[in-house]
Amino acid sequence: MRLGVLFSGGKDSTLALHLAAEKEEVVCLITIISKNKESFMYHTPNIEISALQAEALGLPQITKTTQGEKEKELSELEDAIAEAARKYQIEGVVTGAVESVYQTERVQRICNHLGLWCFNPLWKHDQKALLEELLEKRFKVIITGVFAYPLDEKWLGKQIDNKLIDKLVDLQQKYGLSPAGEGGEIETTVLDAPLFKKKIEVLDYSVEFKGNSGVFIIKQARLVSK
Amino acid sequence: MILIIDMNWKKDSLGFYEFVLPIVTIAKTQDECIVKHFLEVTNQDLSQCDSVILSGTALKDTATLSQPEKFIWLKETEKPVLGICAGMETIGVVFGMRLIRCLEIGMTQINMLKENPLFCGDFKAYSLHSCCNEPSGDFEVWAKSTKCVQIIKHKIKPIYGVLFHPEVRNPELIKRFILLNKS
């Protein structure tokens, strides 16, 4: 089955892509760039890096920019998926949704409307196990957004490793934080993954932090050999 | 032991992670589980288990509905069976119920019509279906949404069907089914 992956470049959509590619044929990426930094639907920091990730994966990418108005962004997502169906003959869509009924029901509706299959291979999976799976599969993932107390700017730019997973699980117990950032507490960017033919090297970045949230913005990056 | 039947269109499919694994995770907290694809269920699997759960599938996956002969065992078994979404639709087809178009996607209000040991009170649940069973002779209707039948129970056998996906927001329902039928 030819599939398109809703791709943000974060850990969940990249892991979903890997699981999908083990079972079916992934033929393109579909990326929505939201101008609204608090979009309900889409991962936002460093979304522009997804073009570099697409190149590393050797996959074509359909990109649409939205102003991020709550329901209008859905018609833009539907346009992007319809374009993927036309250009790359996809028969289904894959998402990295884990817990969010809000996200998944909207993508399900769009797929149903377009007559496409919809797969959410990370759906309801244990969040700590998902983080550990990233390490087992040798993903290189950095934290590029923190949006909840007590996460502070020290977390920005950190690579996910066993020590960091332990800390996140500890914060879950103390503060009810979701360890994989499913409640939008954390955003991530994947710099390397098994299906990347090259890896991403960050050449320049800046950190913005205000109140209880901050972002690690990749200003310049390139692909290098693995 | 619980026999969880993978209702996806093929064995080892991409739908497994989404529709089977979450049920296994919940069931494992109560008892041992074995998972079999619907084309590979044997009489031995059925005789060894205490209860059976039929998984749901992707919205476009209707493979089990066109192969009711693979579920003929449902008519003979004495074991408790819980069919989820495509699982319930398949139970309906095996017992001669008609399938009608009915689309529900997202959180849905479930209204209980009959007091019972498995499900109590009205609640909200996650729906993902494009058709539903039209109730007939052998089954009682235990709950409905505004659009369609949501829970059915065979009048004599311990065979239950839920059209919504309890593994998403109502895991206690799966646990209660297992506990009630654990030997």
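Residue numbers (the working numbering), protein chains in the order written: chain A, 7 to 232; chain B, 10 to 192.
Note that beta-carbon positions come from the ideal geometry of N, C-alpha and C, so glycine has one too.
Asked: For a contact defined as C-beta to C-beta under 7 Å, what are the partners of residue 69(B) on chain A?; Found: 123
Asked: At 7 Å on the CB atoms, spell out the chain B contacts of residue 114(A), in chain order.; Found: 68, 114 and 137
Asked: Measure the alpha-carbon distance for residue 71(A) versus residue 114(B) and round it to whole angstroms.; Found: 26 Å
Asked: Whose Cβ in chain A lies nearer than 7 Å to the Cβ of residue 24(B)?; Found: 125
Asked: Give me the chain B residues within the contact set of residue 60(A), using Cβ-Cβ distance strictly less than 7 Å, ordered along the chain.; Found: Simply none; closest approach about 21 Å.
Asked: Would the beta-carbon of residue 157(B) fall within 8 Å of that of residue 111(B)?; Found: yes
Asked: With a 10 Å radius around its C-beta and 16 neighbouring C-beta atoms as the bar for buried, classify residue 55(A) as buried or exposed.; Found: buried
Asked: Nearest CA to the CA of residue 124(A): which residue from 82(A), 110(A), 194(A) and 130(A)?; Found: 110(A)
Asked: Let me make sure I understand the geometry here. Which of 59(B), 25(B) and 68(B) has the alpha-carbon closest to that of residue 47(B)?; Found: 25(B)
Asked: So, for residue 145(B): in the same chain, excluding its five sequence neighbours on each side, which residues have a beta-carbon less than 6 Å away from its beta-carbon?; Found: 106
Asked: I'd like to confirm the pairing. Which residues does DSSP put opposite residue 36(B) in its beta bridges?; Found: Paired residues: none, contrary to the question.
Asked: Sort 108(B), 74(B), 83(B) and 20(B) by Cα distance to residue 60(B) and report the nearest one.; Found: 83(B)
Asked: By the criterion of Cβ-Cβ separation under 9 Å, what are the contact partners of residue 30(A) in chain B?; Found: 22 and 23
Asked: What number of angstroms, rounded off, separates the C-alpha of residue 30(B) from the C-alpha of residue 36(B)?; Found: 10 Å
Asked: Three or more C-beta pairs under 8 Å: does that hold for the segment 163-176 of chain B against the segment 129-143 of chain B?; Found: yes
Asked: Only counting the same chain, and skipping five residues up and downstream in sequence, which positions put a Cβ closer than 8 Å to that of residue 114(A)?; Found: 124
Asked: Are the CB atoms of residue 13(A) and residue 36(A) within a distance shorter than 8 Å?; Found: yes
Asked: I need the boundaries of the alpha helix (DSSP H) containing residue 132(B), first residue and last residue.; Found: Run containing residue 132(B): none in the alpha helix (DSSP H); it sits in the beta strand (DSSP E), 132-143.
Asked: May I ask which residues mark the beginning and end of the beta strand (DSSP E) holding residue 210(A)?; Found: 205-216
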